[in-house]
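Shown next, in C-alpha cells, is the structure this report addresses.
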Amino acid sequence: MSAPVVVFAVGNPSRGDDAIGPVLCGRLACWLEAAGLAAQFELIEDFQLQIEHVLDLQGRQLAMFIDAGIDTGAPFTFQRIVPATGIAHTTHELPPEAVLQVFRQTEEADPPPAFTLCIRGEQFELGEPLTATAENRLEQAFGLLEQLCRNPDPASWEAMVVSAQEGVRVAEMA
Amino acid sequence: MSYQLETAEHPEMLRRVAIDPVSRVEGHGKVTILLDDQNKVHQVRLHIVEFRGFEKFIQGRPYWEVPVMVQRLCGICPVSHHLAASKALDIIVGAKKLTPAAEKLRRLMHYGQMLQSHALHFFHLCSPDLLFGFDSDVTRRNIVGVAAAHPEIAKRGVLLRKFGQEVIRVTAGKRVHGTGAVPGGMNKSLTIAERDELLKDIYHIVAWSRDAVHLIQKVHTQDPGLYNSFGIFRSNFMSLVGHNGDLDFYHGTLRARDDNGKLIFDGVDYQEYDRYIDEEVRSWSYMKFPYFRSLGKEHGWYKVGPLARVQNCNQISTPFAEHERKEFVDYAGGTPMHAPLAYHWTRMIEMLHAAEVIKELLHDDDLLSNDLMVEGERQMEGVGVIEAPRGTLFHHYRVDENDLITMANLIVSTTNNNQAMNEAVRHVARRYLHGHEVTEGLLNHIEVAIRAFDPCLSCATHALGKMPLAVELVDAEGLLIHSLSRA
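Protein sequences, first through last, are from chains A and B. Counting in the working numbering, the first sequence runs from 1 upward without gaps. Counting in the working numbering, the second sequence runs from 1001 upward without gaps.
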C-alpha cells in the first residue's frame, strides 16, 4: 500500500546547487526514520520530473515537490500548486504543475493536493559542490520541512504556505 | 554538403536574431540568425555553449569508478554512458567476450533505455507538433495538450516510458545511476520475480509500440509535402551494425554510407575509430564537429541516430520491426531518406524493435544465471561504442599502471549530429524567416528541426524559476527592435 504522502526531490547531485533536492531528501529520510514517521512518507529522488511520475501520485493524500530554484525567492518558498499546462519544447523534463495536469488527464481524476518547496540556488556548474549560501538556505528550509512532516494534512500545509519574504521569518522561527 | 550559411563575410552589417532556449541552466542551445536589410539570411549557427568538461574530471580517477561516474553526464540516457564506459573498460580488464548472461543482461538494460527514451521523445516532445501542427497554440502544444485531446495516446506514452524505466531498474539497480554493469560483466542477474513482473506487461508494450509506428507513419504519409522536405539536406550517415548487418544497438562494427547510400567504410572495428573519424574545433561552439577523415572536413560530416541506423542496416532481426523497416524503405523509394522529420518514423520503428527484443530476452533463462564475470590480460587502452537513443556514442580511455585514468575522449551522439543539426536549422531559417518580427510559429519551426535529432544539449540540470526561451531581434546597430520570450 502506498504511503499517504509522496515527496519528490529533484536535482542532479553533480551540478552544484542542483543538489539541493537530493541533499534535502537524504536528510529528510534520516529524520523521518528517527522521528518514527517513515511509514507515512515515500521519498522519490530523481534528476528530473517526467511523465511517469504521475503514476507515483496515485493513491496519495498529499504530495510535495522539493527543488532548487533560479532567481526564485530566497531563502525558500513553500507554495500550493495546481494542475497547469507546462512548457515543454526542447527539454526532457516537466514542471510540477504539468505533472499534476498529466495526472488529471490520464487518470481522469484530480491529483492529490500538492505543494512545492523551492530553495533558491546560485551555482549550477557540473562538478561543483553546494555553495555555502545554498547550504545555509537548505538548513533554514529543513526547519519548515520538519514542521510540515509533523503535520501531514492539506489544511496544515496550506496554513504554512510562505512567500519569499515570509520564508526568512519562518526560517528564523524554526 | 558545404558550410554554406555558416560564416557571413560582414556580420557586423547584419541584423541578428537570437533564439536562446535557456531550458536548463547549464545547457544553453542558442540559434543566431544574421539578416541583411532585405531579410535575406546570411548566417545561421546552432551554438552549443555548454562545456561539459567530463573528459578532464575523469582523469586521475580509478578506472572502475568510471561506469558509474559518467552517468552524471545525463539524466535522460545515463544507461548509454554507463554501458559505453563499461564496454571500453571490458577491453582494459581483458574481457574480450562477456558471458552470455552478462551480455544479455546488458542488452536488456540498453533496450529498456532505448524504449523509454524513444517513448519520451515521441509522446512528450514530438507528438504535440505532429498531432496539432507546428503553428498551433503553444499552450496546447505539449504533452498536456496531447493528454487533453488524445488521452489514450498520452497514457500509453506514460506507461511505455515507465516500463522502460522498470527494465533499467531491475537490471541496473536504480532507474538513474545504476551500478549493474562493471568492467568484465555485470554484478547482478535477474530474479524470477523481476522477470515475471516485466513479462506481465511486455505484450501490451509491443502492441502499443506497433500502434505508435502506425501513428507516425500515417501522420508522415498524409502530408508528404511537409514531411519529406522540411529542413531537408543531404549527408553521409553512420552507425554500428551487428551480425550480418542487422540493426544492433549494443554491439557491432562501424558502417558509413554516403548520401546516395554507397558504402564509405564497413566492418570497421571501433577500437580503431580514430583512424576513420576526426574532430574539428570551431571558435563559436564548445561542441566539436566530427567528420570522416577520408572525405575531409567539408564533405565528411554525417548523421547518426534512428534515421541513419534504420537505413544503414541490412535488416532487423525482429519480425514486426523488420516489416515496418521494409515499409519505410519502400516509401523512400529505394534511395536514402534525408528528411529530418523522418527521424520520428524511424525512431518508432526502433522503439518497436526494442520492445520485441525485450520480449525475446525475457524468455531467455540466461538472464537468471549468476555466471556474470570474465577476466583476462590487462590492457592499457580501450574503446567502447554503443548506439545510444540519439546515435553512436564513443567512450575511449587510457589507464596507467596504477589503474588511474590518464586520458578520456568522449564523442557523444549529439556531437556526431552537430553539423547535421546546423544544416537543418539553416534550411528552415532560409525557408520560413520573413519580416522583422520573430513569431512563435517561426521559433517552433526551428525547434522542430532541432528536436527531430533528439539532441541532448545539456545533461540533467533543471530548476524552478528558469526562463525556457528568450528571443531577441537586433538591428545592424545593435538596437533591440523585437523580443519574444516564454517564461
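Just so you know, even glycine gets a beta-carbon here, dropped at the ideal spot from N, CA and C. Model, not experiment: these values are computed from the prediction.
Is Phe-1054 (chain B) buried or exposed, if buried means 16 or more other CB atoms sit within 10 Å of its CB? The residue you call residue 1054 (chain B) lines up with position 54 of the second sequence. Buried is the call here.
Could you check how far apart the C-beta atoms of Pro-152 (chain A) and Pro-4 (chain A) are, in whole angstroms? I think they sit under 8 Å. Taking the first residue of the first sequence as position 1, residue 152 (chain A) is located at position 152. Taking the first residue of the first sequence as position 1, residue 4 (chain A) is located at position 4. Yes, Pro-152 (chain A) and Pro-4 (chain A) are in contact; Cβ-Cβ is about 7 Å, under 8 Å.
Name, please, each residue of chain A whose Cβ falls closer than 9 Å to the Cβ of Pro-1340 (chain B). Counting from 1 along the second sequence, the entry for residue 1340 (chain B) is found at position 340. Those within 9 Å of Pro-1340 (chain B) in chain A number zero; the least Cβ separation is about 14 Å.
Partner residues on chain B for Leu-43 (chain A), Cβ-Cβ distance less than 9 Å: Here residue 43 (chain A) corresponds to residue number 43 of the first sequence, with the count starting at 1. Residues of chain B passing the Cβ test: none, with the nearest at roughly 14 Å.
CA-to-CA distance, Phe-1233 (chain B) to Asn-1260 (chain B), given in whole angstroms: Numbered from its first residue, the second sequence carries residue 1260 (chain B) at position 260. Numbered from its first residue, the second sequence carries residue 1233 (chain B) at position 233. C-alpha separation (whole angstroms): 12 Å.
Can you give me the C-alpha to C-alpha distance between Gly-16 (chain A) and Ala-68 (chain A), rounded to a whole angstrom? Here the question's residue 16 (chain A) lines up with position 16 in the first sequence. Here the question's residue 68 (chain A) lines up with position 68 in the first sequence. Roughly 10 Å between the two C-alpha positions.
By how many angstroms is the C-alpha of Asp-110 (chain A) removed from the C-alpha of Arg-80 (chain A)? One-based indexing of the first sequence puts residue 80 (chain A) at position 80. One-based indexing of the first sequence puts residue 110 (chain A) at position 110. Going by the C-alpha atoms only, they are around 15 Å apart.
Hey, out of A:Ala-159, A:Cys-149, A:Met-160 and A:Val-162, whose CA is closest to Trp-31 (chain A)'s CA? On the first sequence, residue 31 (chain A) is found 31 positions in, with the first residue counted as 1. Among A:Ala-159, A:Cys-149, A:Met-160 and A:Val-162, the Cα nearest to that of Trp-31 (chain A) is on A:Cys-149.
Delimiting residues of the alpha helix (DSSP H) encompassing Ser-156 (chain A): To locate residue 156 (chain A), count along the first sequence from 1; it is residue 156. 154-159 is the span of the alpha helix (DSSP H), which, as asked, contains Ser-156 (chain A).
Option in B:Phe-1453, B:Ile-1316, B:Met-1380 and B:His-1243 with minimal Cα separation from Ala-1339 (chain B): Counted from its first residue, the second sequence places residue 1339 (chain B) at position 339. Comparing Cα positions, the closest option is B:Phe-1453.
Which residues DSSP lists as bridging Asn-1370 (chain B), in chain order: In the second sequence, residue 1370 (chain B) corresponds to position 370, counting from 1. Within the DSSP secondary-structure output, Asn-1370 (chain B) pairs in no beta bridge.
Residue burial classification, Trp-1208 (chain B) (beta-carbon count within 10 angstroms, cutoff 16): Here the question's residue 1208 (chain B) lines up with position 208 in the second sequence. Per the 10 Å Cβ criterion, buried.
If the cut is a Cβ gap below 7 Å, which residues of chain A does Ala-1452 (chain B) touch? In the second sequence, the residue the question calls residue 1452 (chain B) occupies position 452. Here the premise fails: no neighbours, minimum Cβ distance about 11 Å.
Near-chain A residues of the segment 1148-1175 of chain B - C-beta to any C-beta below 7 Å: Here the close residues are Ala-1148, Pro-1151, Ala-1154, Lys-1155, Gly-1157, Val-1158, Arg-1161, Lys-1162 and Gln-1165.
Based on the DSSP output, what are the partners of Val-1399 (chain B) in its beta bridges? For the purposes of this step, residue 1399 (chain B) is taken as residue 399 along the second sequence, with counting starting at 1. For Val-1399 (chain B), which the question treats as bridged, DSSP gives the partners B:Ile-1405.
Considering only the alpha carbon of each residue, which of B:Phe-1289, B:Pro-1306 and B:Val-1304 lies closest to Glu-1298 (chain B)? Position 298 of the second sequence holds residue 1298 (chain B). Here the closest residue by C-alpha is B:Phe-1289.
Best match in B:Leu-1247, B:Ala-1181, B:Lys-1326 and B:Tyr-1111 for proximity to Leu-1202 (chain B) [C-alpha to C-alpha]: On the second sequence, residue 1202 (chain B) is found 202 positions in, with the first residue counted as 1. Strictly speaking, residue 1202 (chain B) in this sequence is Ile, with Leu absent from that position. Check the Cα spacing between Ile-1202 (chain B) and each of B:Leu-1247, B:Ala-1181, B:Lys-1326 and B:Tyr-1111: the tightest is with B:Tyr-1111.
If you draw a straight line from the alpha carbon of Pro-1183 (chain B) to that of His-1396 (chain B), how long is it in whole angstroms? Start at 1 with the first residue of the second sequence, and residue 1183 (chain B) comes out as number 183. Start at 1 with the first residue of the second sequence, and residue 1396 (chain B) comes out as number 396. Rounded to the nearest angstrom, the two C-alpha atoms are 14 Å apart.
Going by the CB atoms, is the gap between Met-1069 (chain B) and Gly-1185 (chain B) shorter than 9 Å? As a position in the second sequence, residue 1185 (chain B) is number 185, starting the count at 1. As a position in the second sequence, residue 1069 (chain B) is number 69, starting the count at 1. Met-1069 (chain B) sits away from Gly-1185 (chain B), with the two beta carbons spaced by 9 Å or more.
Tell me whether Trp-1284 (chain B) is buried or exposed, calling it buried when 16 or more other Cβ atoms sit within 10 Å of its Cβ. Here residue 1284 (chain B) corresponds to residue number 284 of the second sequence, with the count starting at 1. Result: exposed.
Candidates B:Asn-1409, B:Asp-1364 and B:Ser-1369: closest to Glu-1381 (chain B) by CA position: Residue 1381 (chain B) sits at position 381 when you count from the first residue of the second sequence. The shortest C-alpha to C-alpha distance from Glu-1381 (chain B) to any of B:Asn-1409, B:Asp-1364 and B:Ser-1369 is the one to B:Asn-1409.
Mind checking whether Glu-1440 (chain B) and Asp-1248 (chain B) have CB atoms under 9 Å apart? Locating residue 1440 (chain B) in the second sequence gives position 440, where the first residue counts as 1. Locating residue 1248 (chain B) in the second sequence gives position 248, where the first residue counts as 1. Their beta carbons are not under 9 Å apart, which means Glu-1440 (chain B) does not touch Asp-1248 (chain B) by this criterion.
Hey, Ser-1413 (chain B) and Gly-1305 (chain B) are a contact pair by Cβ (cut 8 Å); roughly how many whole angstroms apart? For this step, residue 1413 (chain B) is matched to residue 413 along the second sequence. For this step, residue 1305 (chain B) is matched to residue 305 along the second sequence. Their Cβ separation, rounded to whole angstroms, is 7 Å, which keeps Ser-1413 (chain B) and Gly-1305 (chain B) in contact under 8 Å.
Is the segment 1187-1196 of chain B touching the segment 1353-1369 of chain B, taking contact as three or more C-beta pairs under 8 Å? Contact between the segment 1187-1196 of chain B and the segment 1353-1369 of chain B is present, because at least three Cβ pairs lie under 8 Å.
Please state whether DSSP places Ile-1202 (chain B) in a helix, a strand or coil. Within the second sequence, the letter at position 202 stands for residue 1202 (chain B). Helix at Ile-1202 (chain B).
Chain B within 9 Å of Leu-28 (chain A), Cβ atoms only: Here residue 28 (chain A) corresponds to residue number 28 of the first sequence, with the count starting at 1. So no, Leu-28 (chain A) is outside the interface.
Glu-52 (chain A) CB to nearest chain B CB: under 9 Å? Locating residue 52 (chain A) in the first sequence gives position 52, counting from the first residue. At least one chain B Cβ lies under 9 Å of Glu-52 (chain A).
What do you get for Val-1079 (chain B), buried or exposed, if any count of 16 or more other CB atoms within 10 angstroms of its CB means buried? Position 79 of the second sequence, counted from the first residue, corresponds to residue 1079 (chain B). Under this definition Val-1079 (chain B) is a buried residue.
Alpha-carbon to alpha-carbon, Lys-1056 (chain B) and Gly-1296 (chain B): The sequence position of residue 1296 (chain B) within the second sequence is 296, counting from 1. The sequence position of residue 1056 (chain B) within the second sequence is 56, counting from 1. Gly-1296 (chain B) and Lys-1056 (chain B): Cα-Cα distance of roughly 28 Å.
Would you please verify whether the beta carbon of Gln-105 (chain A) is less than 9 Å from any beta carbon of chain B? The sequence position of residue 105 (chain A) within the first sequence is 105, counting from 1. Output row for Gln-105 (chain A): interface = yes.
Which residue comes first and which comes last in the beta strand (DSSP E) that contains Gly-1060 (chain B)? Translated into positions along the second sequence, residue 1060 (chain B) becomes position 60. Neither: Gly-1060 (chain B) is in no beta strand (DSSP E) and is coded neither H nor E.
Assign Arg-1175 (chain B) to buried or exposed, taking buried as 16 or more other Cβ atoms, counted over all protein chains shown, within 10 Å of its Cβ. On the second sequence, position 175 is the one that residue 1175 (chain B) refers to. Arg-1175 (chain B) is buried by the Cβ-count criterion.
Would you mind reading off the limits of the beta strand (DSSP E) that contains Ile-66 (chain A)? Position 66 of the first sequence, counted from the first residue, corresponds to residue 66 (chain A). According to the DSSP assignment, Ile-66 (chain A) belongs to the beta strand (DSSP E) that extends over 62-69.
Which complete alpha helix (DSSP H) runs does the segment 1335-1365 of chain B hold, if anything under 4 residues is left out? For the segment 1335-1365 of chain B, whole alpha helix (DSSP H) runs of length 4 or above, ordered along the chain, are 1342-1362.
If you count every other CB in all the chains shown that lies within 10 Å of the CB of Met-64 (chain A), and 16 or more means buried, which is it? In the first sequence, residue 64 (chain A) corresponds to position 64, counting from 1. Met-64 (chain A) is buried by the Cβ-count criterion.
Where Phe-8 (chain A) falls, given that 16 or more other Cβ within 10 Å makes a residue buried: The residue labelled residue 8 (chain A) in the question sits at position 8 within the first sequence. Under this definition Phe-8 (chain A) is a buried residue.
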